[in-house]
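Residue numbers (this note's numbering), protein chains in the order written: chain A, 221 to 552; chain B, 221 to 552. Positions of the beta carbon are idealized from the N, C-alpha and C atoms, including for glycine.
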């Protein structure tokens, strides 16, 4: 085994990472991000070490100030002596309004702090793998021993909602000008938010937005006496105002959750769904890896030359159990 | 067979649709959008009837005025006696800036026109199926006999880029305030655009944007003497200014394309990629349909109860060729 292979071997990296090696953690994140052959096996090893961190998801529309909030939250957590891992999920579109460069500049002051580990994941071209990468990387931070893991997403599309499923506490950040609160409901944010934040609270309409959110929350059916009451906080994150209260609210939510949660039905369903997702991803990887195989290659060539249409060729392939199992039987 | 089943049977719907039945077309679109068991077989039948329509993709950042342009283009095409099918792909996020309601209102005047068929596809919860739905529905319009098929997307994420692969001509709409043209390059729009439109051309910076785009296009390596020169048009779609020229540019592009295109390498690769995509989608459907099967169900229960972690369970499933082939062997 050459030095280079050793540096990339997921097993060795996992051992080194679990022993506290930051460089191994960084390399392992890259392995996981690339979704290579060893991903599921690596994650299975790491999964056993998970569950100690408090994972906080921060989501909301572009321009709501999520990175500024994250940065301020990190600062407060560090003052309390806590370690933090941050997964920042970059926007899928350069037009979506998130200023990635600006975000990185706002986070810059934390880059030299050994107690903080920040990693950006990019959406482009990931074809759904991003939700899985985001969850896996947050689990890596957890297994590595970070006290807090923050998952920051730009935008509130399906990928972002999927990533949020790994979070213990979901913080939804809004700004007064983000449009009326009806949009919050349409986006399904009312369902996933454990804490609402109205940021840039000095602007017009902030108080009205808070009131509207509280009214909508009031309409939700309570789950029981011990049910969590979703708070609506006001922040001016750029001045550090309100972010300490945000941390306290997240901690209170986590305490409440731990008190209430016997493994609940929703969590069980999520875990089952994850099994199928992991299978899906692995099957797709094998399918793509096997595309140059004999018969499959011939079938694809027939499509390329116009002999068969793509739907017909796919049905041929799916109708031939032998070819199909050869293709997906595994390995590279 | 009951009347209700007959109304939903893809085979009967396909026959009726190909015979010109608008209601059957509408029902078939719903079948295709739901991505049920018969999707690939239906599309294979329809694929053979495709290739007559001129499929125009219209994409660009939210708020660029794509729906207004589409509406104006429809109007001009109808004046020329052409029939039009429109697939409008709704934004994945209510925060992305696209005003879906407004779009529909702008299109409203065409809803009573028998020569125009408009269908919106929604992103939410589609998990990557949207790109496939968008392409399939545009092919349905083609097979139905529409002269023009317009695919309008909101946003320029991966899904939108994927959908655009089915278009003969890709129109990228920008507005001066959409940010500098460097973003155009970052989004990969320079690679996919056959025609650029600077809409809201009366605003500041429109001419500068046009000049910058032309400079960037000039830097692209030309493919040969007969290569298509990507034009940059200026429009004020809300006043109908410039959209006639846009249609002419699209027609010129289609003529140029037909002159040049012997089945090219890029197209062949796309068709091959589609075979794998269709296989993927079908495998996923079968995997999800088979989730309650005996052994698989037991494995999922073990995950739900915490006995196994989801990665481990997925690896178990993938490591058991018998279980796996039973699961994906087909049927529902």
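Start-to-end residues for the beta strand (DSSP E) that takes in residue i
{"i": "residue 523 of chain A", "result": "From DSSP, residue 523 of chain A is part of no beta strand (DSSP E) but of the alpha helix (DSSP H) over 514-524."}
{"i": "residue 416 of chain A", "result": "415-418"}
{"i": "residue 253 of chain A", "result": "Residue 253 of chain A -> not in any beta strand (DSSP E); alpha helix (DSSP H) instead, spanning 242-253."}
{"i": "residue 274 of chain B", "result": "274-279"}
{"i": "residue 373 of chain B", "result": "368-373"}
{"i": "residue 389 of chain B", "result": "389-394"}
{"i": "residue 308 of chain B", "result": "304-309"}
Residue i and residue j closer than 8 Å at C-beta
{"i": "residue 420 of chain B", "j": "residue 395 of chain B", "result": "yes"}
{"i": "residue 462 of chain A", "j": "residue 454 of chain A", "result": "yes"}
{"i": "residue 247 of chain B", "j": "residue 238 of chain B", "result": "no"}
{"i": "residue 340 of chain A", "j": "residue 308 of chain A", "result": "yes"}
{"i": "residue 412 of chain A", "j": "residue 293 of chain A", "result": "no"}
{"i": "residue 371 of chain A", "j": "residue 277 of chain A", "result": "yes"}
{"i": "residue 360 of chain A", "j": "residue 492 of chain B", "result": "no"}
{"i": "residue 285 of chain B", "j": "residue 374 of chain B", "result": "no"}
{"i": "residue 262 of chain A", "j": "residue 252 of chain A", "result": "yes"}
{"i": "residue 475 of chain B", "j": "residue 450 of chain B", "result": "no"}
{"i": "residue 335 of chain B", "j": "residue 304 of chain B", "result": "yes"}
{"i": "residue 503 of chain A", "j": "residue 502 of chain B", "result": "no"}
{"i": "residue 166 of chain A", "j": "residue 458 of chain A", "result": "One cannot answer for residue 166 of chain A here, as it falls past the ends of chain A, which runs 221 to 552."}
{"i": "residue 495 of chain A", "j": "residue 509 of chain B", "result": "no"}
{"i": "residue 434 of chain B", "j": "residue 452 of chain B", "result": "yes"}
{"i": "residue 531 of chain B", "j": "residue 244 of chain A", "result": "no"}
{"i": "residue 385 of chain A", "j": "residue 490 of chain A", "result": "yes"}
{"i": "residue 499 of chain B", "j": "residue 507 of chain A", "result": "yes"}
{"i": "residue 383 of chain B", "j": "residue 351 of chain B", "result": "yes"}
{"i": "residue 369 of chain A", "j": "residue 338 of chain A", "result": "no"}
{"i": "residue 470 of chain A", "j": "residue 357 of chain A", "result": "no"}
{"i": "residue 456 of chain B", "j": "residue 524 of chain A", "result": "no"}
{"i": "residue 423 of chain A", "j": "residue 465 of chain A", "result": "no"}
Closer than 7 Å at the beta carbon, the chain A residues around residue i
{"i": "residue 524 of chain B", "result": "488, 491, 492"}
{"i": "residue 263 of chain B", "result": "531"}
{"i": "residue 520 of chain B", "result": "492, 495"}
Where the alpha helix (DSSP H) containing residue i begins and where it ends
{"i": "residue 339 of chain A", "result": "Run containing residue 339 of chain A: none in the alpha helix (DSSP H); it sits in the beta strand (DSSP E), 336-341."}
{"i": "residue 299 of chain B", "result": "286-299"}
{"i": "residue 349 of chain B", "result": "349-364"}
{"i": "residue 539 of chain A", "result": "530-539"}
{"i": "residue 465 of chain A", "result": "463-480"}
{"i": "residue 434 of chain B", "result": "426-439"}
{"i": "residue 457 of chain B", "result": "Where residue 457 of chain B is concerned, there is no enclosing alpha helix (DSSP H), given that its DSSP letter is neither H nor E."}
{"i": "residue 410 of chain B", "result": "409-412"}
{"i": "residue 421 of chain A", "result": "Taken as a continuous stretch (DSSP letters only), residue 421 of chain A belongs to no alpha helix (DSSP H), as it is neither H nor E."}
{"i": "residue 233 of chain A", "result": "230-238"}
{"i": "residue 260 of chain A", "result": "259-267"}
Residue i: contacting residues in chain B (beta-carbon distance under 7 Å)
{"i": "residue 498 of chain A", "result": "530, 531, 534"}
Closer than 8 Å to chain D by CB, residue i
{"i": "residue 332 of chain B", "result": "No chain D appears in the structure shown, which is made up of the protein chains A and B."}
Contact list for residue i against chain B, beta-carbon separation under 8 Å
{"i": "residue 508 of chain A", "result": "496"}
Where residue i meets chain A, residues with beta-carbon distance less than 8 Å
{"i": "residue 341 of chain B", "result": "Within chain A, no residue comes near residue 341 of chain B; the closest Cβ sits about 14 Å away, beyond 8 Å."}
Amino acids of chain B, ordered along the chain, whose beta-carbon sits closer than 9 Å to that of residue i
{"i": "residue 538 of chain A", "result": "260, 498, 499, 502, 503, 506, 548, 550"}
Query raised in the report: Would you say the stretch 442-452 of chain B touches the stretch 273-286 of chain B, given that touching needs at least three Cβ pairs under 8 Å?
Result: Fewer than three Cβ pairs drawn from the stretch 442-452 of chain B and the stretch 273-286 of chain B lie within less than 8 Å of each other, which leaves the two stretches out of contact.
Query raised in the report: Is it true that the stretch 509-528 of chain B meets the stretch 474-481 of chain A, where meeting means three or more beta-carbon pairs spaced less than 8 Å apart?
Result: no
**Report entry** Interface residues of the stretch 245-262 of chain B facing chain A [CB-CB below 7 Å]
**Finding:** 260, 261
Requested in this report: Please name the residues in the stretch 264-276 of chain B whose beta-carbon is closer than 9 Å to at least one beta-carbon of chain A, in chain order.
Outcome: 264, 265, 266, 267, 268, 270
**Report entry** Short-range partners of chain A found in the stretch 428-444 of chain B, where Cβ spacing is below 7 Å
**Finding:** none
Query - Contacting positions in the stretch 457-475 of chain B - beta carbon closer than 9 Å to chain A - result: none
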